[in-house]
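A short worksheet on the structure shown next.
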Amino acid sequence: MFEIVGKSILITGGTGSFGKKFIKKILDYDVKKVIVLSRDELKQYEMAQEFTDSRIRFFIGDVRDKDRLYRAFDGVDVVIHAAALKHVGACEYNPFEAVKTNIHGAQNIIEAAIDRGVQRVIALSTDKAASPINLYGATKLASDKLFVAGNSYAGNKETRFSVVRYGNVVGSRGSVVPFFKKLKEQGEVQIPITDERMTRFWLTLDQGVQFVIDNLSRMNGGEIFIPKIPSMRVTDLAKAIAPECEIQIVGIRPGEKLHEAMITEDDARHTLEYDTHYVIQPEFPWWREEYSLGGKPLPEGFTYVSNQNQEWLTVEQLRDLVEGMQHSFS
9 MFEIVGKSIL ITGGTGSFGK KFIKKILDYD VKKVIVLSRD ELKQYEMAQE
59 FTDSRIRFFI GDVRDKDRLY RAFDGVDVVI HAAALKHVGA CEYNPFEAVK
109 TNIHGAQNII EAAIDRGVQR VIALSTDKAA SPINLYGATK LASDKLFVAG
159 NSYAGNKETR FSVVRYGNVV GSRGSVVPFF KKLKEQGEVQ IPITDERMTR
209 FWLTLDQGVQ FVIDNLSRMN GGEIFIPKIP SMRVTDLAKA IAPECEIQIV
259 GIRPGEKLHE AMITEDDARH TLEYDTHYVI QPEFPWWREE YSLGGKPLPE
309 GFTYVSNQNQ EWLTVEQLRD LVEGMQHSFS
C-alpha cells in the first residue's frame with residue numbers, strides 16, 4: 009500500500025477551494041513538503057499569509073509550460089492535478105484556451121511526471137466528462153483518457169496515473185450557491201432557475217478532498233474513481249437558500265444538461281461497485297484480477313445519473329450544508 013507520510017506533494021491549481029482544503033488535510037499526514045503550483049501571484053500571496061507551515065512552497069507556473077513543470081516536479085513523489093479551465097460558458101467562448109489548459113496541460117503533466125519519476129498522479133475530473141455536450145466536458149473527457157493511457161505510456165517506469173470524478177462541490181467558486189446567496193442579500197425577489205426539472209450530484213469539499221487522499225493508497229494506475237454521493241434538485245436548493253423568493257424559469261443555457269451522469273452504460277460494463285464508491289477499470293492487458301478484490305460487477309444497462317440516484321438531499325439538508333459552508337471554505 010502506498011504511504012503518504014514523508015512524501016513531497018505538488019498540487020496544480022492549488023490556490024482554489026479544493027487546493028486550500030487539500031493542503032489543510034494533507035499536512036496532518038506528516039508529509040515532507042507541499043508545493044502549490046498556480047498562475048496567480050496575488051492568490052499565492054494571500055494564501056501564504058493564511059498558511060504559515062514551513063513545509064509549504066509556492067511556485068508560479070502554468071500547466072501549459074512543460075519546462076516549468078519539469079523544474080517543479082523535481083523531487084516530487086505525488087502530484088494532484090486540480091488546475092483547469094472549468095467554467096462552461098468561458099470554455100464555450102474560449103475553446104482554444106480550454107484545449108490548451110485542459111488537454112495540452114494534461115499531456116504536459118503526464119510527460120513531466122514520468123520523466124521526473126513522480127510515483128503517483130491523481131487528476132481531478134467532473135461529471136460533465138461523462139457523455140459531454142459542452143466543450144469543458146469534452147476537454148475533461150480527453151484529459152481523463154490521457155491520464156488513463158499515461159500508465160501504458162510510462163512503460164516500466166514507476167509512475168502511475170488515476171482519475172477522480174465527482175459532481176458539484178457545495179459552494180465552490182463559480183457555483184450556483186454564492187450566486188443565489190448574493191441575489192438574496194441584494195434583496196432580489198426572484199431566483200433564476202434554468203429548468204425546474206434540473207438535478208445535480210453534490211458533495212462537500214471535505215468529502216471531495218478525503219476521497220482524493222483515500223484513492224492515493226487505493227490506486228494501482230488507470231482507474232477512474234467515482235464516489236457514491238447524493239443528488240439534489242436545483243429548485244430545492246433555491247428554496248433552501250431563499251425560501252421567500254419566487255422561482256423564475258429562464259431556460260437552459262448553451263452546453264447545459266438537465267441531469268448529469270458519472271457512469272455511462274458503456275463504462276458500466278467494466279465498472280466495479282464498492283460500499284462507498286465505483287471504479288471504472290482500465291482495459292489494460294496487464295490489469296490483474298487482484299486489483300479488483302471486493303468489487304461487484306454492475307448489472308447490464310446500469311447508469312449513474314443524477315435524476316436516477318437512490319439518495320437525495322432534502323431542502324432541510326441543503327440548508328444545513330449551505331449554512332455550514334463558511335466552516336468548509338476559506
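Counting in our numbering, the sequence shown runs from 9 upward without gaps.
No residue lacks a Cβ here, since even glycine has one placed at the ideal position from N, Cα and C.
Values in this document were obtained by computation on a predicted structure and should not be read as measured data.
List the DSSP bridge partners of residue i.
i: Q198; result: E254
i: M240; result: R208
i: L45; result: T20, F67
i: S160; result: None, per the DSSP bridge assignment.
i: W320; result: S239
i: E119; result: In the DSSP output, where bridge partners are listed per residue, E119 has none listed.
i: E281; result: Y286, K304
i: F169; result: V129
Taking the C-alpha atoms as reference points, what is the distance between residue i and residue j?
i: T1; j: T60; result: With the chain running from 9 to 338 in the structure shown, residue 1 is simply not present.
i: I237; j: F66; result: 33 Å
i: A138; j: V44; result: 29 Å
i: R168; j: Q289; result: 14 Å
i: V71; j: I12; result: 24 Å
i: G97; j: A106; result: 11 Å
i: F337; j: T207; result: Only weak support exists for where F337 lies, its pLDDT of 41 falling under 50; the coordinates are left without a value.
i: V171; j: G21; result: 16 Å
i: Q194; j: S239; result: 28 Å
i: K51; j: K28; result: 11 Å
i: D38; j: L132; result: 23 Å
i: S343; j: L245; result: Past the edges of the chain, shown from 9 to 338, lies residue 343, and the structure says nothing about it.
i: R84; j: K15; result: According to the sequence displayed, residue 84 carries Val and not Arg. Roughly 8 Å separates the two Cα atoms.
i: H335; j: G163; result: No answer about H335 holds up, because its pLDDT of 48 lies below 50 and its placement is not dependable.
i: E204; j: Y286; result: 29 Å
i: N116; j: L149; result: 16 Å
i: Y282; j: G303; result: 5 Å
For residue i, does the three-state DSSP call read helix, strand or coil?
i: M55; result: helix
i: R63; result: coil
i: F188; result: helix
i: H112; result: helix
i: A146; result: helix
i: K91; result: A small fix is needed here, since residue 91 is Ala in this sequence, not Lys. Here A91 sits in coil by DSSP.
i: R327; result: helix
i: Q127; result: coil
i: Y286; result: strand
i: S336; result: Residue placement at S336 is flagged as unreliable, the pLDDT there being 46, under the threshold of 50; a coordinate-derived value is accordingly withheld.
i: S180; result: coil
i: L306; result: coil
i: R261; result: coil
i: F30; result: helix
i: L213; result: helix
i: S139; result: coil
i: R226; result: helix
If we define contact as Cβ-Cβ less than 8 Å, is residue i a contact residue for chain C?
i: D70; result: Protein chains in the displayed structure number just one, and chain C is not present.
CB-CB under 8 Å to residue i, same chain, minus the five flanking residues each way: which ones, in chain order?
i: F292; result: N159, S160, G230
i: G125; result: K165, E166, T167
i: T34; result: For clarity, residue 34 is Ile in the given sequence; the question names Thr instead. The answer, listed in chain order, is I12, I17, V42, I221.
i: A90; result: I19, T20, G21, G22, G24, F26, G27, F30, L132
i: K108; result: R72
If I measure Cβ to Cβ from residue i and keep anything under 6 Å in the same chain, skipping five residues before and after, which residues do I get?
i: N228; result: Y299
i: V177; result: L213, G216
i: A114; result: S151, L154
i: I64; result: V42
i: I232; result: V171, R173, I288
i: P305; result: none
Give me, in chain order, the residues of the same chain whose beta-carbon lies closer than 7 Å to that of residue i; leave out the 5 immediate sequence neighbours on both sides.
i: E100; result: N142, L143, P262, G263
i: M9; result: S225
i: A146; result: P140
i: I120; result: Looking at the sequence provided, one finds Ala at residue 120 rather than Ile. Result list for A120: K74, L77, Y78, F81, in chain order.
i: A248; result: V323, L326, R327, V330
i: N317; result: P238, S239
Does the count of Cβ pairs from the region 255 to 273 and the region 303 to 320 closer than 8 Å reach three? yes
Are the region 191 to 205 and the region 241 to 257 in contact at 8 Å, needing three or more beta carbon pairs? yes
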